[in-house]
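Numbering (the working numbering), first residue to last: 424 to 770.
Quick look at the structure:
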């Protein structure tokens with residue numbers, strides 16, 4: 424074969440491979456360079472670190488630490504800015520108001536939820552005592568705390584409750600059901616401030632949505648498995664998440680219609696967060712084959728998978744869309760402490 428023939432053959436081969444690669448990108452929805460780099464990684468002092476969140480101004484990373492402290496870190500550099508102390512039990516849940524004024528933190532059992540001033544770090548309130556705290560959420564203006572779990576002194580029922588943050592008093596009990604049927608493990612206020620959604624585990628596996636104006640149950644979206652993690656899209660029109668069954672789902676928040684089911688995880692989904700642009704959302708999984716996956720709601724496909732043999736419990740996008748914080752936990756293995764990773768994003 425002469426040079427010209429070899430050149431033509433190689434050119435044709437290159438073109439064929441290019442077409443195949445382009446077809447693969449289109450069919451899978453894979454987006455090259457979604458995560459450009461790992462900004463930093465921190466080994467925490469304890470193994471049992473479950474949650475982290477980011478302040479609405481995208482400047483502060485907030486962690487729940489194994490030594491019962493709440494850490495406030497510079498999101499860009501990873502420098503510790505402040506530690507909030509006062510909890511006595513194992514910290515489980517954290518929420519921040521959209522206006523950035525208040526932070527809520529809760530321990531697993533036997534302690535009231537604490538409300539902190541984000542700017543000063545001062546403790547400004549305590550309320551809502553649970554023996555098993557399932558989830559927390561703060562309304563956009565910080566005036567209402569939503570909390571769920573088994574209330575102190577109860578053994579059989581789970582509740583979803585609304586609390587007046589300024590007064591420290593309970594406004595309403597939105598739901599109360601036996602724990603074997605009902606475990607509301609993920610609470611989210613809609614960005615438009617009109618609704619509260621809860622991902623439900625145990626026999627009532629579903630998503631429940633309440634109207635905040637009337638405090639009435641607006642809709643129950645049934646699901647085939649426990650719903651462990653949910654998040655609203657920025658326009659409040661969709662809810663994304665998943666749980667047992669390992670499939671990432673997107674629902675229409677108004678009609679309850681299941682819009683998309685996307686496969687990729689090999690174990691149950693533990694965390695979900697929408698990117699502020701609204702097109703993508705990310706999920707974590709108890710499975711050890713990937714740190715997290717990113718899904719394209721426009722294409723209905725997986726956009727990115729960050730591989731790594733870990734169990735990742737929680738993740739959150741910053742509101743400016745430039746950062747993703749990921750909590751990799753070892754669920755109590757003291758010889759292998761939890762890791763906190765922050766990524767630069769390119770969505």
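All C-beta atoms in this analysis are idealised placements derived from N, C-alpha and C, irrespective of residue type, glycine included. Keep in mind that this is a model prediction, so the values were computed, not measured.
Reducing DSSP to helix, strand and coil, say where residue 737 ends up. Residue 737 sits at position 314 when you count from the first residue of the chain shown. In this structure, residue 737 counts as strand in the three-state DSSP scheme.
Which residues does DSSP list as the beta-bridge partners of residue 631? Along the chain shown, read from residue 1 onward, the residue named residue 631 stands at position 208. Paired residue(s): 621 and 643.
Using a 10 Å radius around the Cβ and a threshold of 16 neighbouring Cβ atoms, would you call residue 512 buried or exposed? The count along the chain shown starts at 1 and reaches residue 512 at position 89. Note on residue 512: under 16 other CB atoms within 10 angstroms of its CB, so exposed under the neighbour-count rule.
How long is the line joining the alpha carbons of residue 681 and residue 674, rounded to whole angstroms? The residue given as residue 681 occupies position 258 in the chain shown. The residue given as residue 674 occupies position 251 in the chain shown. Each residue's Cα considered, the two are about 4 Å apart.
Closest residue to residue 740 among 715, 632 and 555 (Cα-Cα distance): Indexing the chain shown from 1 puts residue 740 at position 317. Per the Cα distances, 715.
Nearest-angstrom Cα separation, counted from residue 592 out to residue 663: Numbered from 1 along the chain shown, position 240 holds the residue referred to as residue 663. Numbered from 1 along the chain shown, position 169 holds the residue referred to as residue 592. Each residue's CA atom was taken as its position, placing residue 663 and residue 592 some 31 Å apart.
With a threshold of 7 Å (Cβ to nearest heavy atom), would residue 626 be considered close to the ligand GTP? This structure lacks the ligand GTP; in fact it carries no ligand of any kind.
Nearest-angstrom Cα separation, counted from residue 540 out to residue 594: Within the chain shown, the letter at position 171 stands for residue 594. Within the chain shown, the letter at position 117 stands for residue 540. Distance between the alpha carbons of residue 594 and residue 540 is about 22 Å.
Where residue 502 sits in the DSSP three-state scheme: Numbered from 1 along the chain shown, position 79 holds the residue referred to as residue 502. In the structure shown, residue 502 sits in coil (DSSP, three-state: anything other than H, G, I, E or B).
Residue 702 versus residue 562 - alpha carbon distance: Counting from 1 along the chain shown, the entry for residue 702 is found at position 279. Counting from 1 along the chain shown, the entry for residue 562 is found at position 139. Rounded to whole angstroms, the gap between the alpha carbons of residue 702 and residue 562 is 23 Å.
Using the Cα positions of residue 698 and residue 508, report the straight-line distance between them to the nearest angstrom. Numbered from 1 along the chain shown, position 275 holds the residue referred to as residue 698. Numbered from 1 along the chain shown, position 85 holds the residue referred to as residue 508. Taking the straight line from one Cα to the other gives about 31 Å.
Would you be able to state if there are at least three C-beta pairs under 8 Å between the region 600–612 and the region 542–561? Touching, yes.
Out of curiosity, what's the CA-to-CA distance linking residue 742 and residue 526? As a working note, residue 742 is residue 319 in the chain shown. As a working note, residue 526 is residue 103 in the chain shown. Using only the alpha carbons, I get a separation of about 16 Å.
Thinking residue 472 and residue 750 are a contact (beta carbons under 8 Å), I'd like their distance in whole angstroms, please. Taking the first residue of the chain shown as position 1, residue 472 is located at position 49. Taking the first residue of the chain shown as position 1, residue 750 is located at position 327. The Cβ separation is near 6 Å, so the contact holds.
Test item: CB-CB of residue 768 and residue 746 under 8 Å: What you label residue 768 is simply residue 345 of the chain shown in a count that begins at 1. What you label residue 746 is simply residue 323 of the chain shown in a count that begins at 1. Residue 768 is a Cβ neighbour of residue 746, given a cutoff of 8 Å.
Can you grab the Cα-Cα spacing for the pair residue 729 / residue 705, in whole Å? Translated into positions along the chain shown, residue 729 becomes position 306. Translated into positions along the chain shown, residue 705 becomes position 282. Cα to Cα, the separation comes out at about 11 Å.
Taking the alpha carbon of residue 482 as the point to measure from, which residue in 467, 490, 488 and 502 has its own alpha carbon closest? As a position in the chain shown, residue 482 is number 59, starting the count at 1. Residue 482 has its Cα closest to that of 502, out of 467, 490, 488 and 502.
DSSP three-state label for residue 750, please. Counting from one through the chain shown, the residue named residue 750 turns up at place 327. Note: residue 750 maps to strand in three-state DSSP.
Sub-8 Å separation of residue 488 and residue 515 beta-carbons: On the chain shown, residue 488 is found 65 positions in, with the first residue counted as 1. On the chain shown, residue 515 is found 92 positions in, with the first residue counted as 1. In this structure, residue 515 does not lie closer than 8 Å to residue 488 by Cβ.
Bridge partners - residue 549, DSSP secondary structure assignment: Within the chain shown, residue 549 is the residue found at index 126, counting from 1. According to DSSP, which records beta bridges pairwise, residue 549 is partnered with 537.
From the DSSP output, which residues share a beta bridge with residue 697? Taking the chain shown and counting its residues from 1, one reaches residue 697 at position 274. BP columns for residue 697 point to 704.
Using a Cβ-Cβ cut-off of 8 Å (strictly less than) and excluding sequence neighbours within five positions of residue 629, which residues of its own chain qualify? Position 206 of the chain shown, counted from the first residue, corresponds to residue 629. Cβ neighbours of residue 629 beyond the five flanking positions: 623, 643, 644, 645, 646 and 650.
Check whether the Cβ atoms of residue 771 and residue 671 sit closer than 8 Å, and answer yes or no. Summary: the structure shown does not reach residue 771, with the chain confined to residues 424 through 770, and so no result is reported for it.
Cβ-based neighbour list, residue 597, same chain, cut-off 6 Å, excluding 5 preceding and 5 following: Here residue 597 corresponds to residue number 174 of the chain shown, with the count starting at 1. Excluding sequence neighbours, residue 597 sits near 583 and 633.
Determine, using beta carbons only, whether residue 599 and residue 580 come nearer to each other than 8 Å. Numbered from its first residue, the chain shown carries residue 599 at position 176. Numbered from its first residue, the chain shown carries residue 580 at position 157. Taking 8 Å as the Cβ cut-off, residue 599 and residue 580 qualify as a contacting pair.
Quick check: the Cα distance between residue 490 and residue 665, rounded to an integer number of angstroms? Here residue 490 corresponds to residue number 67 of the chain shown, with the count starting at 1. Here residue 665 corresponds to residue number 242 of the chain shown, with the count starting at 1. Residue 490 and residue 665 have their C-alpha atoms some 30 Å from each other.
Could you name the residues of the same chain whose beta carbon sits closer than 8 Å to that of residue 641, not counting the 5 residues immediately before and after it, in chain order? Along the chain shown, one-based indexing puts residue 641 at 218. Around residue 641: 618, 632, 633 and 634.
Just grab the DSSP bridge partners of residue 764 for me. Locating residue 764 in the chain shown gives position 341, counting from the first residue. The beta-bridge partner set that DSSP reports for residue 764 consists of 464 and 749.
For residue 588: DSSP bridge partner residues: To locate residue 588, count along the chain shown from 1; it is residue 165. Answer is none; residue 588 lacks a bridge partner.
Below 7 Å CB to CB, which residues in the same chain sit around residue 696 once its five sequence neighbours on both sides are set aside? Position 273 of the chain shown, counting from 1, holds the residue named residue 696. The residues are 654, 704, 705, 738, 739 and 740.
Nearest by alpha-carbon distance to residue 616: which of 537, 520, 498 and 678 is it? For this step, residue 616 is matched to residue 193 along the chain shown. The shortest Cα separation from residue 616 among 537, 520, 498 and 678 belongs to 520.
Using only alpha-carbon positions, find the residue among 517, 542 and 700 that is nearest to residue 530. Taking the chain shown and counting its residues from 1, the one referred to as residue 530 is at position 107. Distances from the CA of residue 530 to each of 517, 542 and 700 were compared; the closest alpha carbon is that of 517.
Measuring straight from C-alpha to C-alpha, what distance separates residue 499 and residue 462? As a first step, residue 499 must be located in the chain shown, where it is residue number 76. As a first step, residue 462 must be located in the chain shown, where it is residue number 39. Straight-line Cα distance between these residues: approximately 8 Å.
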